[in-house]
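First comes the structure, then the notes that go with it.
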Amino acid sequence: MTPPDFLLERPVSEQAIAILRFAAFALHLLFVLITLGTAILSLAYFVSTWWLGKLKELRWDKEILRTFLAHKSLAVVLGVGPLLLIQVGYPVPFFSAINLLAPSWLLLIVLLVTAFLCMDFLGQRIEVHHYLHLVLGVLGLAALLAVPGIFVAVLVTAENPQRWAEIAANGYRLPIGLTVHWLFRYLHVLGASVVFAGLFHYFWSRPDETAKRASLLRWVAGGILFQFALGVMLQASMPRTPDAATSAAVVTGIAGGIGLIALILRALVNRTPLKFAAALPAAAVLLVGMLLARQFNQDRAFVPLTREADRLAKEYRQKLAPYRSSALTMYEQEIRGRPDGRAVYAQSCAFCHGENADGRSGESRNLVIPAENLAEMRTTREHLRRVLLEGVPGTAMPRFRYLTRSRLDGVIDYLDARYHVLQSPGPIPMEVSQAARQEARRVYDTLCAVCHGPGGAPTELSRGFQPPPPDLSVYSMTPQRAFDVITSGYPGTMMPAFQDLPEDVRWGLVEVVLGLRAPEAINRSQSGD
Amino acid sequence: VLLACVSASIITAILGFMLTPGGWPADRRFWHAFLNPSFLPQLVVRLAGSFLLGGLIAAAALLLYQKEEKLRREALPLLGAVVSSCLVLLAGGLWWYFSRLPADFRDQSVAAVLTSRFSQMPAVFWIGNAGGLLLLLVFCGVALGGAVRPAQWLVAPALVAAFAFVSEFERIREFIRGPYLMPGYMYANGVLIQERPYFAEHGMLPNSPGYLLSNPQGDPDRAGAYLFARNCAACHTVGGVNDIRARMAGRSQDGIYVILGHTHNMVPFMPPFSGNDDERRLLASFLYRLTRDEIELESYSRLIPAAPAGRTRRP
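From first to last, the protein sequence lines are chains X and Z.
Residue 395 in the numbering used here is what sits at position 331 of the first sequence, and the numbering runs on without skipping anything.
Residue 194 in the numbering used here is what sits at position 176 of the second sequence, and the numbering runs on without skipping anything.
See below:
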């Protein structure tokens with residue numbers, strides 16, 4: 065079963081994509097071959113010229129490499145077409161293959177940058193020291209030659225879906241059978257690059273450069289013979305026996321190759337120039353034949369896979385259809401919103417803390433430590449911002465540092481305007497006797513201070529709690545809520561219930577605790593009584 | 019130049035479409051996609067920006083490489099005029115561009131540049147931008163006045179500022195798409211917007227053929243790892259950049275469960291969780307145990323639990 069992947073309709077028909085893909089790929093590959101071959105021939109000529117001690121004289125390698133810039137640019141630009149077409153036309157095999165070989169696929173960028181920088185530096189500079197030339201040439205060529213290796217591996221992977229599970233289990237490597245096929249196919253690309261680059265540079269050089277032209281022709285002839293030998297092995301290593309269409313295309317290509325080598329041998333033996341008008345059709349038949357064979361063979365894997373994927377996608381699209389309009393409505397509402405503090409609260413806080421900020425919500429019921437009752441919280445802007453930015457460890461309260469400062473300030477202002485969370489806790493609603501006050505102070509110092517600290521800041525022990533107790537010097541609650549928490553404890557945390565203490569001692573504790581935060585506020589409320 | 023502008027307008031249409039698809043999500047019309055709301059303003063911004071960069075590069079070549087004093091004095095005010103008019107055009111284009119963006123997206127622009135590390139210091143953004151703009155304006159003034167010496171000093175910093183503005187614009191444009199890879203079509207994790215309600219009802223795992231093949235026994239850790247891969251791994255890694263374990267550290271399992279249901283509410287650019295309630299619990303448990311090192315993955319890049327015995331690698 066193939067995962068449904070491509071849920072949009074194809075913009076043009078399958079046949080149109082196949083034809084466009086062939087044409088775009090042929091153009092791309094022609095310049096790829098010339099680029100590769102230019103680099104290979106140039107380095108070979110550089111080494112042989114150096115060997116013969118003729119570096120001060122004619123430099124064929126320089127003349128050849130000077131064209132690298134144009135070839136590689138065309139190869140890259142013309143590569144966009146086939147890449148887009150294969151993505152649109154055959155997304156499942158293509159994307160499966162690049163994912164199965166992801167590290168190599170990503171490496172392409174590094175390889176191409178290295179190769180282009182080295183080769184164009186050598187091609188465009190007039191004077192480069194021999195040793196530097198050799199080092200950069202070898203480095204650039206190695207990086208450049210790795211590129212078709214990766215592309216061939218991707219295509220081999222894409223064409224063999226029955227081996228995908230194996231490649232995934234292998235960890236980004238082809239299994240051995242496919243590696244042999246890959247090797248012959250890769251070498252076949254390199255052989256072709258020498259043939260087509262040799263032909264290009266032959267016709268690009270002046271007719272009077274006879275020695276250079278003869279040398280280039282020998283490269284082309286050698287390349288074609290190499291291709292014949294390699295082609296036999298490539299044929300033998302095909303994962304599946306080629307079908308009739310593929311074989312017919314191969315035979316056409318071979319005919320072109322035979323025609324071409326006959327022309328070249330005649331030119332070499334008779335020492336006459338190779339005629340462009342004769343060589344071009346032969347080379348074209350060779351290239352078109354071989355590329356047709358490539359695509360026919362590839363489509364045997366791609367087409368059934370893509371049809372199946374299309375069918376599944378269509379089914380899946382029908383399943384999703386009923387959900388589309390509601391999803392779109394939600395999206396449209398979302399992008400129309402203008403987030404002020406109230407909206408940010410409603411969106412980012414209310415699902416736990418509740419619409420009325422009282423800690424009651426559907427989600428809060430899922431929590432061992434329920435969400436805080438924000439309406440009864442009394443704290444400072446700085447503390448509230450710190451909690452918003454850092455969250456509370458051990459609870460569900462996350463960090464909100466992804467919100468902009470203005471959104472965070474908006475939420476704080478909203479909470480203050482509606483619930484007065486930044487104001488003082490207010491007066492205690494009952495009179496606490498002197499005795500109860502003393503007892504409460506004693507209880508706080510002996511019991512509460514173990515965790516809450518003598519001054520309200522968490523102690524060394526309690527800082528590691530999940531969650532740690534709040535810093536009572538900057539955070540408190542309304543007196544009633546503080547009384548309730550002291551009486552019943554805080555669910556899910558280390559805060560126990562003190563319902564066994566006499567009520568007025570508990571109120572005394574409220575007074576002590578609120579006094580930790582803002583002594584002057586408490587004093588004021590007392591003097592007001 | 020004409021063909022280059024045509025190619026720029028095609029690319030601008032694509033980039034604009036990826037941020038403001040306009041009516042396309044509803045009607046899938048090509049021209050609605052191409053002529054999307056931010057297309058024209060962005061085209062103005064891009065063309066003005068390119069000519070601005072071109073003017074500055076020409077000025078740099080003139081001031082730093084051209085030896086002929088007379089040519090320098092004559093050409094500098096001309097290039098100054100080009101750069102200043104581009105700046106004016108650019109300012110207008112940017113205002114137009116940002117006014118065409120949904121408020122919720124536009125709101126993220128400052129955060130896009132500052133990243134979450136500096137998100138609470140918006141002054142950095144405004145001071146930095148004002149500084150860059152001032153530099154360009156001073157360069158324009160100097161160039162228009164034909165003052166070769168000061169222009170020689172200013173041209174390189176002005177060029178750097180101009181490139182910084184280009185990068186900033188691209189960063190904002192890429193970032194402010196909120197939780198979407200393609201607004202109105204696909205979330206950043208590759209889930210289609212209509213898949214979310216579908217998965218909420220029917221589950222994500224039973225609708226993932228690849229997963230079903232890979233986990234025939236229904237191992238819960240494998241299921242959790244798959245839910246992580248589909249929902250989170252587009253942005254979060256295990257043990258690398260944006261490590262999920264660092265994000266989840268200190269959260270309780272019930273807390274993770276609740277947070278999972280509201281990722282999009284809490285973080286403006288995070289896609290919502292896709293899956294049904296059981297899957298949300300499964301992923302919460304997976305993430306909780308992963309964070310506590312109770313689950314080992316095979317490697318950074320292979321998000322499947324390590325084999326119990328033998329070859330285990332700690333990510």
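Even for Gly, the Cβ is constructed at its ideal location relative to N, Cα and C.
If you're wondering where the values come from, they're calculated on a predicted model, not measured in any experiment.
Query raised in the report: For X:Glu307, which of helix, strand or coil comes out of DSSP?
Result: By one-based count along the first sequence, residue 307 of chain X stands at place 243. As written in the sequence, residue 307 of chain X is Asp, which differs from the Glu given in the question. The three-state reading of DSSP puts X:Asp307 in coil, since its state is none of H, G, I, E or B.
**Report entry** 8 Å contact criterion, which X:Tyr533 and X:Ile433 should meet: CB distance rounded
**Finding:** Translated into the one-based positions of the first sequence, residue 533 of chain X becomes position 469. Translated into the one-based positions of the first sequence, residue 433 of chain X becomes position 369. It is worth fixing the name first, because residue 533 of chain X is Pro in this sequence and not Tyr. The Cβ separation is near 12 Å, so there is no contact.
Query raised in the report: Would a check of beta-carbon distances place Z:Ala26 closer than 8 Å to chain X?
Result: Numbered from 1 along the second sequence, position 8 holds the residue referred to as residue 26 of chain Z. Taking 8 Å as the CB threshold, Z:Ala26 stays off the interface with chain X.
Query - Buried or exposed (CB count within 10 angstroms, at least 16 for buried), X:Pro368 - result: Within the first sequence, residue 368 of chain X is the residue found at index 304, counting from 1. Classification of X:Pro368: exposed, given that the 10 Å Cβ count is below 16.
Requested in this report: Quick one: give me the first and last residue of the alpha helix (DSSP H) that X:Met559 is part of.
Outcome: In the first sequence, the residue the question calls residue 559 of chain X occupies position 495. Careful: X:Met559 lies outside any alpha helix (DSSP H) and carries neither H nor E.
Query raised in the report: What residue ranges within the segment 28 to 93 of chain Z form continuous alpha helix (DSSP H) runs of no fewer than 4 residues, ordered along the chain?
Result: Within the segment 28 to 93 of chain Z, the alpha helix (DSSP H) runs of at least 4 residues that lie entirely inside it are, in chain order, 42 to 45, 48 to 52 and 57 to 83.
Requested in this report: Starting from the C-beta of X:His265, find all residues in its chain whose C-beta is less than 6 Å away, skip the five residues before and the five after it, and write them out in chain order.
Outcome: The count along the first sequence starts at 1 and reaches residue 265 of chain X at position 201. Result list for X:His265: Ile128 and Leu280, in chain order.
Query raised in the report: Are Z:Arg124 and Z:Pro59 close, meaning C-beta to C-beta below 8 Å?
Result: In the second sequence, residue 124 of chain Z corresponds to position 106, counting from 1. In the second sequence, residue 59 of chain Z corresponds to position 41, counting from 1. Taking the C-beta atoms as reference points, Z:Pro59 is found no nearer than 8 Å to Z:Arg124.
Query raised in the report: Among all the DSSP beta bridges, which residues are the ones paired with Z:Leu315?
Result: On the second sequence, residue 315 of chain Z is found 297 positions in, with the first residue counted as 1. In DSSP, Z:Leu315 forms a bridge with Z:Pro323.
Query raised in the report: Per the contact definition of three or more C-beta pairs closer than 8 Å, is the segment 86 to 103 of chain X in contact with the segment 142 to 156 of chain X?
Result: Taking a cut-off of 8 Å on C-beta distances, the segment 142 to 156 of chain X touches the segment 86 to 103 of chain X, as three or more cross pairs fall below it.
Query raised in the report: Which same chain residues, not among the five before or five after X:Leu536, have their C-beta less than 7 Å away from its C-beta?
Result: In the first sequence, the residue the question calls residue 536 of chain X occupies position 472. If the five residues before and after X:Leu536 are omitted, its C-beta is found closer than 7 Å to the C-beta atoms of His516, Gly520, Val577, Leu580 and Arg581, all from its own chain and listed in chain order.
Query raised in the report: Across which residues does DSSP place X:Thr443 in a beta bridge pair?
Result: Working through the first sequence from its first residue, we reach residue 443 of chain X at position 379. Note: X:Thr443 is bridge-paired with X:Tyr539 in the DSSP secondary-structure output.
Requested in this report: List the whole-angstrom C-beta distance separating Z:Ala169 from Z:Leu105, where the pair is believed to meet the contact cut-off of C-beta under 8 Å.
Outcome: Mapped onto the second sequence, residue 169 of chain Z falls at position 151. Mapped onto the second sequence, residue 105 of chain Z falls at position 87. Contact doesn't hold; Cβ gap of about 15 Å is too wide.
Query raised in the report: Between which two residues does the beta strand (DSSP E) harbouring Z:Met139 extend?
Result: Taking the first residue of the second sequence as position 1, residue 139 of chain Z is located at position 121. Neither: Z:Met139 is in no beta strand (DSSP E) and is coded neither H nor E.
Query raised in the report: Mind checking Z:Cys171: buried by the 16 CB within 10 Å criterion, or exposed?
Result: As a working mapping, residue 171 of chain Z is identified with position 153 in the second sequence. For the sequence presented, residue 171 of chain Z should be read as Trp rather than Cys. Label assigned to Z:Trp171: exposed.
Requested in this report: Report back the beta-carbon spacing between X:Ser301 and X:Val211 to the nearest angstrom; my notes put them in contact at under 8 Å.
Outcome: Stepping through the first sequence from its first residue, residue 301 of chain X is reached at position 237. Stepping through the first sequence from its first residue, residue 211 of chain X is reached at position 147. About 22 Å; that fails the 8 Å criterion.
Requested in this report: Run down chain Z in chain order and give the residues with a C-beta less than 9 Å from the C-beta of X:Ala460.
Outcome: In the first sequence, residue 460 of chain X corresponds to position 396, counting from 1. Within 9 Å Cβ-Cβ: Arg269, Ser270, Asp272, Gly273, Ile274, Tyr275, Val276 and Ile277.
Query raised in the report: Of the residues that make up the segment 399 to 411 of chain X, which ones have a beta carbon closer than 8 Å to any beta carbon in chain B?
Result: In the displayed structure, chain B is absent; the protein chains listed are X and Z.
Query raised in the report: Are the CB atoms of X:Pro157 and X:Phe464 nearer to each other than 8 Å?
Result: To locate residue 157 of chain X, count along the first sequence from 1; it is residue 93. To locate residue 464 of chain X, count along the first sequence from 1; it is residue 400. Taking C-beta atoms as the reference points, X:Pro157 and X:Phe464 fail to come closer than 8 Å.
Report task. State buried or exposed for X:Val315, treating a residue as buried only when at least 16 other CB atoms are found within 10 Å of its CB. Result -> Position 251 of the first sequence, counted from the first residue, corresponds to residue 315 of chain X. X:Val315 comes out exposed.
Query raised in the report: Are the C-beta of Z:His280 and some C-beta of chain X separated by less than 8 Å?
Result: Taking the second sequence and counting its residues from 1, the one referred to as residue 280 of chain Z is at position 262. So yes, Z:His280 belongs to the interface.
Query raised in the report: Counting Cβ pairs, one atom from each stretch, are 3 or more of them under 8 Å apart for the segment 83 to 94 of chain Z and the segment 52 to 68 of chain Z?
Result: These segments do not touch.
**Report entry** is_contact[Z:Asp45, chain X] using C-beta, thresh 8 Å
**Finding:** What you label residue 45 of chain Z is simply residue 27 of the second sequence in a count that begins at 1. The beta carbon of Z:Asp45 sits no closer than 8 Å to any beta carbon of chain X.
Query - Runs of alpha helix (DSSP H) wholly within the segment 143 to 202 of chain Z (minimum 4 residues, chain order) - result: Every alpha helix (DSSP H) stretch that sits fully inside the segment 143 to 202 of chain Z and reaches 4 residues is listed by chain position as 166 to 193.
Query raised in the report: Looking only at its own chain, which residues have a Cβ that is under 7 Å from the Cβ of Z:Gly67, when we skip the five neighbours before and after it?
Result: To locate residue 67 of chain Z, count along the second sequence from 1; it is residue 49. So the qualifying residues of the chain are Leu108 and Val184.
Query - Whole-angstrom distance between X:Gln362 and X:Val202, CA atom to CA atom - result: The residue labelled residue 202 of chain X in the question sits at position 138 within the first sequence. The residue labelled residue 362 of chain X in the question sits at position 298 within the first sequence. Going from the Cα of X:Val202 to the Cα of X:Gln362 covers about 33 Å.
Report task. Tell me, please, which residues DSSP counts as bridged to Z:Thr255. Result -> Position 237 of the second sequence holds residue 255 of chain Z. The partner list for Z:Thr255 (beta bridge, DSSP) reads Z:Asp261.
Requested in this report: Quick one: list the residues of chain Z neighbouring X:Tyr466, beta-carbon separation under 9 Å, in chain order.
Outcome: One-based indexing of the first sequence puts residue 466 of chain X at position 402. What X:Tyr466 touches in chain Z: Ala129, Ser134, Ser137, Met284, Val285, Pro286, Phe287 and Met288.
Query - X:Met183 - partner residues in DSSP beta bridges - result: Stepping through the first sequence from its first residue, residue 183 of chain X is reached at position 119. None; X:Met183 has no bridge partner.
Query raised in the report: Do the segment 291 to 306 of chain Z and the segment 218 to 238 of chain Z touch if we need at least three Cβ pairs shorter than 8 Å?
Result: As far as the Cβ criterion goes, the segment 291 to 306 of chain Z touches the segment 218 to 238 of chain Z, which means the pair count is three or higher.
**Report entry** X:Tyr395: contacting residues in chain Z (beta-carbon distance under 8 Å)
**Finding:** Locating residue 395 of chain X in the first sequence gives position 331, counting from the first residue. Going along chain Z in sequence order, the residues near X:Tyr395 (Cβ under 8 Å) are Pro43, Pro201, Gly202 and Ile211.
**Report entry** Sequence-distant residues of its chain with Cβ nearer than 8 Å to Z:Arg195 (five each side left out)
**Finding:** For the purposes of this step, residue 195 of chain Z is taken as the residue at position 177 of the second sequence. Excluding residues within five positions, the ones whose Cβ falls inside 8 Å are Met36, Leu37, Phe123, Pro201, Ala206 and Phe287.
Query - Rounded C-alpha distance that separates Z:Ala161 from X:Tyr466 - result: Counting from 1 along the second sequence, the entry for residue 161 of chain Z is found at position 143. Counting from 1 along the first sequence, the entry for residue 466 of chain X is found at position 402. For Z:Ala161 and X:Tyr466, the distance between alpha carbons rounds to 42 Å.
Report task. Starting from the C-beta of X:Glu503, find all residues in its chain whose C-beta is less than 6 Å away, skip the five residues before and the five after it, and write them out in chain order. Result -> For this step, residue 503 of chain X is matched to residue 439 along the first sequence. So the list reads Val569, once near-sequence residues are dropped.
Report task. Per DSSP, which residues does Z:Leu210 bridge with? Please list them. Result -> Indexing the second sequence from 1 puts residue 210 of chain Z at position 192. Its beta-bridge partners are Z:Met204.
Query raised in the report: Do the CB positions of X:Arg388 and Z:Gln126 come within less than 8 Å of each other?
Result: Looking up residue 388 of chain X in the first sequence gives position 324. Looking up residue 126 of chain Z in the second sequence gives position 108. 8 Å or more divides the Cβ of X:Arg388 from the Cβ of Z:Gln126.
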